[in-house]
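Residue numbers (our numbering): 7 to 389.
C-beta atoms are modelled at their ideal positions from N, C-alpha and C, and glycine is treated no differently.
For reference, the structure is listed below as structure tokens.
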């Protein structure tokens, strides 16, 4: 046994000496740990036969690019008639002039193919008031699109083109998305052509931005510019996680703060539009106000939690249930109301013609009311 131990010790000593000599005199002969990792990462070739470099997202881009389209819109606008044309003296010398001439305004944006039979998801503001909508696919084919339906309060719209076997995108699991995850934004910024930018998820659940009525944005620093609206925000494997919608900018350019509607919300709204032509939301007919520290002190409230009812529409479900201005809404069906935006979202999620338990504070008392839920009116008539 002693002899075997000596042989083992001598072998290890020689091996360590050789390794030390090589690392000192010929280090290039020894692969580093980083090189071994790179070799493992690049061992699998991509679809075109070329191995993707370490850290590349070419496969994700390749999977999603065919599903993102360019949208071109035109709108006929009548120019305002100049006041001088109504002046009798002016008309005496220059003759009668017709009403203001018409001109065509054009716009551009992006969209995402969500089904093989021609449905395309985009932003409402991309196609708002458009007389003609043209959709250009990644392969260069162009189609005229029709509007299936839209939801201005979430800034989403669904288009359809007469085409089959289209490359529909795969929806990702937004619930698994976390701050710091890599995302890619795909669209047609400034009309230069299809472009991919990379960034990370900067924040989740962004609201109170004043962009839409209903807000629950993914914030990202992936470059989003005019023309990207309606395009895809994808994860690192090419699945759709958001619809690019807006940017925070004082100049109109990208400042690294972009917002996307989560794909889960967009899909739910899209399915309602395809099935019914519109989106149905709950409504009770109240105007709410955020409770500030000053208001809490003025009303003698113990804190700023809840939503202050500032007004009630006459004859609305809230009015019939006995809700009054000055009440503080604390919870709906056991879900806490943190502020007016939370209240709006909770009520909107309720099914019209159903009932919900509303917990309110009135003066020093706590009330429990059963409120019948109505159907939220279109945006132009909403409270």
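Nearest-angstrom Cα separation, counted from residue j out to residue i
i: residue 212; j: residue 179; result: 18 angstroms
i: residue 228; j: residue 217; result: 19 angstroms
i: residue 319; j: residue 76; result: 43 angstroms
i: residue 155; j: residue 279; result: 6 angstroms
i: residue 277; j: residue 220; result: 17 angstroms
i: residue 375; j: residue 269; result: 35 angstroms
i: residue 196; j: residue 302; result: 47 angstroms
i: residue 372; j: residue 206; result: 45 angstroms
i: residue 186; j: residue 352; result: 28 angstroms
i: residue 247; j: residue 74; result: 13 angstroms
i: residue 272; j: residue 329; result: 32 angstroms
i: residue 304; j: residue 312; result: 15 angstroms
i: residue 365; j: residue 137; result: 47 angstroms
i: residue 345; j: residue 339; result: 16 angstroms
i: residue 120; j: residue 297; result: 41 angstroms
i: residue 189; j: residue 204; result: 6 angstroms
i: residue 159; j: residue 223; result: 13 angstroms
i: residue 370; j: residue 359; result: 31 angstroms
i: residue 50; j: residue 62; result: Below a pLDDT of 50, predicted positions are generally treated as unreliable, and residue 50, at 47, falls in that range; no measurement from the model is reported.
i: residue 171; j: residue 177; result: 17 angstroms
i: residue 146; j: residue 348; result: 44 angstroms
i: residue 60; j: residue 17; result: 38 angstroms
i: residue 261; j: residue 252; result: 12 angstroms
i: residue 210; j: residue 182; result: 11 angstroms
i: residue 234; j: residue 112; result: 16 angstroms
Presumed contact (8 angstroms Cβ cut-off) between residue i and residue j, rounded CB distance
i: residue 325; j: residue 368; result: The Cβ separation is near 15 angstroms, so there is no contact.
i: residue 267; j: residue 238; result: At roughly 11 angstroms, the Cβ-Cβ gap does not stay under 8 angstroms, so residue 267 and residue 238 are not in contact.
i: residue 166; j: residue 126; result: 7 angstroms
i: residue 144; j: residue 200; result: 6 angstroms
i: residue 69; j: residue 244; result: 3 angstroms
i: residue 287; j: residue 363; result: Contact flag wrong, Cβ pair sits at about 19 angstroms.
i: residue 232; j: residue 72; result: Not really, about 23 angstroms apart at Cβ, beyond 8 angstroms.
i: residue 226; j: residue 283; result: Not really, about 31 angstroms apart at Cβ, beyond 8 angstroms.
i: residue 118; j: residue 230; result: That belief does not hold up - the Cβ atoms of residue 118 and residue 230 are roughly 14 angstroms apart, past 8 angstroms.
DSSP three-state assignment for residue i, whether helix, strand or coil
i: residue 71; result: helix
i: residue 270; result: helix
i: residue 143; result: coil
i: residue 216; result: coil
i: residue 314; result: strand
i: residue 226; result: strand
i: residue 342; result: strand
i: residue 303; result: helix
i: residue 263; result: coil
i: residue 290; result: coil
i: residue 250; result: strand
i: residue 352; result: helix
i: residue 320; result: coil
i: residue 295; result: strand
i: residue 179; result: coil
i: residue 185; result: coil
i: residue 157; result: strand
i: residue 362; result: strand
i: residue 372; result: strand
i: residue 65; result: helix
i: residue 357; result: coil
i: residue 138; result: strand
i: residue 122; result: coil
i: residue 211; result: strand
i: residue 47; result: Since pLDDT at residue 47 reaches only 37, below the 50 mark, its modelled position is unreliable, and the value read off the structure follows with that caveat. Note: residue 47 maps to helix in three-state DSSP.
i: residue 202; result: strand
Nonlocal neighbours in the same chain, by C-beta distance under 7 angstroms from residue i, ignoring five residues either side
i: residue 169; result: 124 and 149
i: residue 43; result: With a pLDDT of only 32 at residue 43, under the threshold of 50, the placement of this residue in the model should not be trusted, and no figure is reported.
i: residue 299; result: 310
i: residue 337; result: 343 and 365
i: residue 38; result: Caution applies to residue 38, whose pLDDT of 45 falls short of 50 and renders its modelled position unreliable; the value that the coordinates give is listed next. Once the five neighbours on either side are set aside, residue 38 has no close Cβ partner at all.
i: residue 175; result: 70, 73, 118, 119, 120, 238 and 246
i: residue 254; result: 261 and 263
Beta-carbon proximity list for residue i, same chain, < 8 angstroms, skipping 5 on both sides
i: residue 323; result: 289, 290, 291, 377, 378, 379 and 380
i: residue 331; result: 315, 316, 317 and 318
i: residue 350; result: 219, 220 and 294
i: residue 307; result: 297, 301, 334 and 367
i: residue 327; result: 290, 364, 375, 376, 377 and 378
Same chain, Cβ closer than 6 angstroms to residue i, five either side skipped, listed in chain order
i: residue 157; result: 275 and 285
i: residue 163; result: 128, 130, 133 and 156
i: residue 78; result: 114 and 140
i: residue 67; result: 202
i: residue 356; result: 288, 362 and 379
i: residue 208; result: 225, 226 and 227
i: residue 122; result: 171, 172 and 174
i: residue 383; result: none
i: residue 198; result: none
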